[in-house]
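J.: Counted from 1, the sequence shown has number 160 at position 161 by numbering that gives the first Met the number 0; the numbering is strictly sequential.
The beta carbon of each residue, even a glycine, is placed where N, CA and C say it ideally should be.
Please read through the structure below; I'll follow up with questions.
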Amino acid sequence: MAGRLTGKRALITAAGQGIGRATAEAFLREGAEVWATDLDAGLLEGLDCHRMALDARDDASVRAGVEAARPDILFNCAGFVHHGSVLEASDDDFAFGFDLNVHSMFRTIRAALPGMLERGGGSIVNMSSACSSVIGAPNRFIYGATKAAVIGLTKSVAVDFVARGIRCNCICPGTVESPSWHDRVEALGRQLGSKEEALKQFVSRQPMGRVASAAEIAALVVYLGSDESAFTTGHPHVIDGGWSGQ
Numbered sequence: 000m001a002g003r004l005t006g007k008r009a010l011i012t013a014a015g016q017g018i019g020r021a022t023a024e025a026f027l028r029e030g031a032e033v034w035a036t037d038l039d040a041g042l043l044e045g046l047d048c049h050r051m052a053l054d055a056r057d058d059a060s061v062r063a064g065v066e067a068a069r070p071d072i073l074f075n076c077a078g079f080v081h082h083g084s085v086l087e088a089s090d091d092d093f094a095f096g097f098d099l100n101v102h103s104m105f106r107t108i109r110a111a112l113p114g115m116l117e118r119g120g121g122s123i124v125n126m127s128s129a130c131s132s133v134i135g136a137p138n139r140f141i142y143g144a145t146k147a148a149v150i151g152l153t154k155s156v157a158v159d160f161v162a163r164g165i166r167c168n169c170i171c172p173g174t175v176e177s178p179s180w181h182d183r184v185e186a187l188g189r190q191l192g193s194k195e196e197a198l199k200q201f202v203s204r205q206p207m208g209r210v211a212s213a214a215e216i217a218a219l220v221v222y223l224g225s226d227e228s229a230f231t232t233g234h235p236h237v238i239d240g241g242w243s244g245q
């Protein structure tokens with residue numbers, strides 16, 4: 000029985016762990032031919048697909064990945080979460096945040112779009128966040144600003160190419176269990192003197208009383224990459240356990 004992505008070629012950035020890896024695994028189960036990429040190619044071990052190192056901050060690296068994959072589906076998952084308010088934000092951190100969280104998507108989309116247009120269509124899925132223009136989160140100034148920009152970038156690509164077979168959407172998760180989230184819990188725990196208190200703070204803002212699993216987010220990426228969402232473009236898809244609806 001064919002999967003929902005059978006016959007499609009997919010390129011995923013930051014596929015070594017967390018949402019990126021869960022999405023690579025979900026894409027494979029649904030029949031896609033997957034190019035899993037990461038800055039650290041060692042993190043890709045164990046994935047039964049094409050694996051390659053890719054630096055989303057480097058044009059040549061991005062072009063090489065796109066030329067190899069010739070993707071019908073592009074999932075831009077690379078990103079970084081900075082902590083702090085505007086008063087703690089340095090110029091270097093602000094520039095890095097926008098380069099990795101936003102400019103990297105400009106690079107990959109610019110590289111992948113010509114081939115998608117030549118082949119008659121494609122689906123682009125960008126990683127945004129509920130912490131963006133959807134809702135503010137404490138001490139996430141740089142991150143929230145970059146993820147709001149991703150929503151604007153997504154809408155712009157969608158409207159420019161909607162009549163040419165290209166769909167572009169973004170996903171806006173709430174808190175998701177992942178290696179990077181565990182690192183943030185550890186860091187907050189050191190500040191508070193208690194990892195348990197740090198966990199409580201993260202979970203307390205989730206009305207469901209838990210954080211999301213990476214697999215739950217990956218399921219939405221599969222839907223947006225598949226033909227099931229053929230009438231959907233230019234939309235930020237919030238998947239935050241009710242956080243922004245409070």
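The beta strand (DSSP E) that contains M126, what's its start and end?
T.: The count along the sequence shown starts at 1 and reaches residue 126 at position 127. M126 -> beta strand (DSSP E) spans 121-126.
J.: Under 8 Å, with one C-beta from each stretch per pair, do the region 105-120 and the region 134-148 reach the 3-pair mark?
T.: The region 105-120, when compared against the region 134-148, does not touch it at the 8 Å Cβ threshold.
J.: Which first and last residues belong to the beta strand (DSSP E) in which V33 is found?
T.: Position 34 of the sequence shown, counted from the start, is the residue given in the question as residue 33. Segment 32-37, the beta strand (DSSP E) holding V33.
J.: Grouping DSSP H, G and I as helix and E and B as strand, with all else coil, what is P70?
T.: Locating residue 70 in the sequence shown gives position 71, where the first residue counts as 1. In this structure, P70 counts as coil in the three-state DSSP scheme.
J.: Would you mind listing the alpha helix (DSSP H) stretches within the region 175-237 that are 4+ residues and don't spill past its ends, in chain order?
T.: Runs of the alpha helix (DSSP H) inside the region 175-237: 178-191, 194-203, 213-224.
J.: Helix, strand or coil for H49? Go by DSSP, reduced to three states.
T.: Taking the sequence shown and counting its residues from 1, one reaches residue 49 at position 50. Three-state DSSP puts H49 in a strand.
J.: Please list the terminal residues of the continuous alpha helix (DSSP H) segment that includes R109.
T.: Numbered from 1 along the sequence shown, position 110 holds the residue referred to as residue 109. Looking at the DSSP string, the run of the alpha helix (DSSP H) that includes R109 is 103-118.
J.: Taking Cβ to Cβ, would you say A14 is nearer than 8 Å to L43?
T.: Counted from its first residue, the sequence shown places residue 14 at position 15. Counted from its first residue, the sequence shown places residue 43 at position 44. A contact, by the Cβ cut-off of 8 Å.
J.: Taking its Cβ as the centre, do 16 or more other Cβ atoms sit within 10 Å of R8, making it buried, or is it exposed?
T.: For the purposes of this step, residue 8 is identified with residue 9 of the sequence shown, where counting begins at 1. When all chains shown are included, R8 counts as buried.
J.: One question on the structure: do I123 and R166 come within less than 8 Å of each other, judged by their Cβ atoms?
T.: Taking the first residue of the sequence shown as 1, we reach residue 123 at position 124. Taking the first residue of the sequence shown as 1, we reach residue 166 at position 167. Yes; because the gap between Cβ atoms is below 8 Å, this pair is in contact.
J.: Quick one: what does DSSP say R3 is sitting in, helix, strand or coil?
T.: As a working note, residue 3 is residue 4 in the sequence shown. R3 falls in the coil class under three-state DSSP.
J.: Measure the CB-CB distance between S127 and I170 and report whether it falls below 8 Å.
T.: What you label residue 127 is simply residue 128 of the sequence shown in a count that begins at 1. What you label residue 170 is simply residue 171 of the sequence shown in a count that begins at 1. Yes, they are a contact pair.
J.: Can you give me the start and stop residues for the alpha helix (DSSP H) that A25 sits inside?
T.: Within the sequence shown, numbered from 1, the residue matching residue 25 stands at position 26. Start and end: 17-28.
J.: Taking Cβ to Cβ, would you say S64 is nearer than 8 Å to E29?
T.: Against the sequence shown, residue 64 aligns to sequence position 65. Against the sequence shown, residue 29 aligns to sequence position 30. One point to set straight first is that residue 64 is Gly, not Ser, in the sequence displayed. Their beta carbons are not under 8 Å apart, which means G64 does not touch E29 by this criterion.
J.: Compute the beta-carbon to beta-carbon distance between A157 and G233, rounded to the nearest angstrom, for a pair I have assumed lies under 8 Å.
T.: As a position in the sequence shown, residue 157 is number 158, starting the count at 1. As a position in the sequence shown, residue 233 is number 234, starting the count at 1. Yes, A157 and G233 are in contact; Cβ-Cβ is about 3 Å, under 8 Å.
J.: Start and end of the alpha helix (DSSP H) containing A157?
T.: By 1-based counting over the sequence shown, the position of residue 157 is 158. Segment 140-160, the alpha helix (DSSP H) holding A157.
J.: Quick one: what's got a C-beta closer than 8 Å to L53's C-beta in the same chain, skipping five residues either side?
T.: Taking the first residue of the sequence shown as position 1, residue 53 is located at position 54. Closer than 8 Å at Cβ, skipping near neighbours: T12, T36, D37, L38, S60, V61, A63, G64.
J.: Would you mind stating whether G96 and F79 have Cβ atoms separated by less than 8 Å?
T.: Counted from its first residue, the sequence shown places residue 96 at position 97. Counted from its first residue, the sequence shown places residue 79 at position 80. Yes, these two residues count as a Cβ contact at 8 Å.
J.: Does the region 188-207 come within contact of the region 222-230, defined as at least 3 CB pairs closer than 8 Å?
T.: Counting Cβ pairs under 8 Å, fewer than three are found: no touch.
J.: Can you give me the C-alpha to C-alpha distance between G208 and R109, rounded to a whole angstrom?
T.: Taking the first residue of the sequence shown as position 1, residue 208 is located at position 209. Taking the first residue of the sequence shown as position 1, residue 109 is located at position 110. The straight-line gap from Cα to Cα measures roughly 40 Å.
J.: Classify D239: buried if its beta carbon has 16 or more other beta carbons within 10 angstroms, exposed otherwise.
T.: For this step, residue 239 is matched to residue 240 along the sequence shown. When all chains shown are included, D239 counts as buried.
J.: May I ask you to report which of helix, strand or coil DSSP gives G41?
T.: As a position in the sequence shown, residue 41 is number 42, starting the count at 1. Here G41 sits in helix by DSSP.
J.: Using the Cβ count rule (16 or more neighbours within 10 Å means buried), how would you classify P172?
T.: Locating residue 172 in the sequence shown gives position 173, where the first residue counts as 1. Buried, since its Cβ has 16 or more Cβ neighbours within 10 Å.
J.: Are the C-beta atoms of G240 and some chain C residue less than 8 Å apart?
T.: Structure shown: chain C not included; a single protein chain is present.
J.: How long is the line joining the alpha carbons of A186 and A147, rounded to whole angstroms?
T.: The count along the sequence shown starts at 1 and reaches residue 186 at position 187. The count along the sequence shown starts at 1 and reaches residue 147 at position 148. For A186 and A147, the distance between alpha carbons rounds to 25 Å.
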